[in-house]
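Residue numbers (this note's numbering), protein chains in the order written: chain A, 31 to 164; chain B, 31 to 164.
Beta carbons are placed, not taken as given, at the ideal position from N, Cα and C, and that holds for glycine.
There are 2 protein chains.
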Amino acid sequence: MEFTNEELINFLKKNDIRPSNIRLKVLKYLLENRIHPSAEDIYNGVIDEIPTLSRTSVYNTINLFKEKGIVSELYLDDKEVRYDINTKLHGHFKCEECGRVYDFPVTSILHSGLEGFVIKKKEINYYGVCINCQ
Amino acid sequence: MEFTNEELINFLKKNDIRPSNIRLKVLKYLLENRIHPSAEDIYNGVIDEIPTLSRTSVYNTINLFKEKGIVSELYLDDKEVRYDINTKLHGHFKCEECGRVYDFPVTSILHSGLEGFVIKKKEINYYGVCINCQ
DNA sequence: TAATAAAATTGTAATCATTACAATTTTGTA
DNA sequence: TACAAAATTGTAATGATTACAATTTTATTA
Ligand SMILES: [Mn+2]
Ligand SMILES: [Mn+2]
Ligand SMILES: [Zn+2]
Ligand SMILES: [Zn+2]
């Protein structure tokens, strides 16, 4: 999927984020590479277009996106945090063979014992072997 | 809940783990402190009974327990991994106020899009505010 | 029981993702 | 153009976990 600069700018503005060059490139990378990348992945994906880019700026940008609610974090059994531009509820499947992280729809979860608790976020993470690795 | 030394020894033997002093004390701590402790928590909980204990031994022990399948890991939005002696499928609720991690039963999850995938492990993590922190 | 091998434990150093922070550069505005 | 605010950078610090070699404990054999 391709995004125009205007679309990217509007996306950021709508979410109360000033559109700097780095922010636009990171956003573009996240929108066009739905692989749940780590900070390092993002850095490597953007460094060619912004040769002066620092890792710190990637972290700054991601943390800003997080605060503004346009990315969510994935805590899987890696040591790196992964990021997802899709903040709607959905499940994640991590393949133990190839390392890929897949999205899948979650229709409903039946739970009990949380009466009186305020639930703000749900994570559903599966692990196993993906269809390409059988 | 209290566990006798014999129960602890049998628990380890049944899972193909040689019962050393450290392993017994770590197991006892995990069984009697259902707080999803970090490695540091375990270290602090056992150091009084084994003053020569090293952090490395705690990690060694936990990693052995993990390999043998008697503990599971919890990847929440902390920077530390937490451990759970209960390896049966259940959900976890992390309170953003007090930091406590609660267990809750999960009856069913309806998902799609994973035809042909082998699912080996499921994690269900919720975040929010617990009933004691309202 | 003493000798030996195997297993467990320890302490220290290394790793590595992320953050802290101060300096520099860029941007927006008067 | 001049100034202030915001963004970006580079380096150092942090902290959880692992690597590894040395030491201690336990089990096995003669
Ligand atoms: Mn996703
Ligand atoms: Mn639990
Ligand atoms: Zn795979
Ligand atoms: Zn609470």
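Run the CB neighbour count on residue i, radius 10 Å, all protein chains shown included, and call it buried at 16 or more, exposed below.
{"i": "PHE33(A)", "result": "exposed"}
{"i": "CYS128(A)", "result": "exposed"}
{"i": "GLU36(A)", "result": "exposed"}
{"i": "THR86(A)", "result": "exposed"}
{"i": "THR91(A)", "result": "buried"}
{"i": "ARG130(B)", "result": "exposed"}
{"i": "GLY99(A)", "result": "exposed"}
{"i": "GLY121(B)", "result": "buried"}
{"i": "ARG64(A)", "result": "exposed"}
{"i": "LYS44(B)", "result": "exposed"}
I believe residue i touches residue j by the beta-carbon criterion, under 8 Å. Please report the beta-carbon distance rounded to the nearest angstrom.
{"i": "ILE47(B)", "j": "LEU94(B)", "result": "6 Å"}
{"i": "GLU103(A)", "j": "ASP107(B)", "result": "7 Å"}
Is the separation between the beta-carbon of residue i and that of residue j shorter than 8 Å?
{"i": "ILE154(A)", "j": "ILE154(B)", "result": "yes"}
{"i": "VAL56(A)", "j": "VAL88(A)", "result": "yes"}
{"i": "ILE80(A)", "j": "ILE115(A)", "result": "no"}
{"i": "GLY146(A)", "j": "LYS150(B)", "result": "no"}
{"i": "LEU144(A)", "j": "PHE134(B)", "result": "yes"}
{"i": "ILE39(B)", "j": "LEU54(B)", "result": "yes"}
{"i": "VAL101(B)", "j": "THR117(B)", "result": "yes"}
{"i": "GLU62(B)", "j": "MET31(B)", "result": "yes"}
On a Cα-Cα basis, can you pick out the residue from the options that is closest to residue i?
{"i": "LEU140(B)", "options": "ASN40(A), TYR156(A), LEU38(A)", "result": "TYR156(A)"}
{"i": "LYS124(A)", "options": "GLU62(A), PRO67(A), LEU60(A)", "result": "PRO67(A)"}
{"i": "ARG112(B)", "options": "ILE161(B), GLY158(B), LEU60(B)", "result": "LEU60(B)"}
{"i": "ILE161(B)", "options": "SER138(B), TYR132(B), SER142(B)", "result": "TYR132(B)"}
{"i": "LYS152(B)", "options": "ASN74(B), GLU126(B), TYR105(B), CYS163(B)", "result": "TYR105(B)"}
{"i": "VAL148(A)", "options": "CYS163(B), SER142(B), SER138(B)", "result": "CYS163(B)"}
Could I get the ranges of all uninterrupted beta strand (DSSP E) runs contained in the region 96-128 of chain A, with 3 residues as the minimum, in chain order? 102-104, 112-114, 121-125
Ignoring anything shorter than 4 residues or poking outside the region 65-97 of chain A, list the alpha helix (DSSP H) runs there in chain order. 69-76
Could I get the ranges of all uninterrupted alpha helix (DSSP H) runs contained in the region 44-68 of chain A, with 4 residues as the minimum, in chain order? For the region 44-68 of chain A, whole alpha helix (DSSP H) runs of length 4 or above, ordered along the chain, are 51-62.
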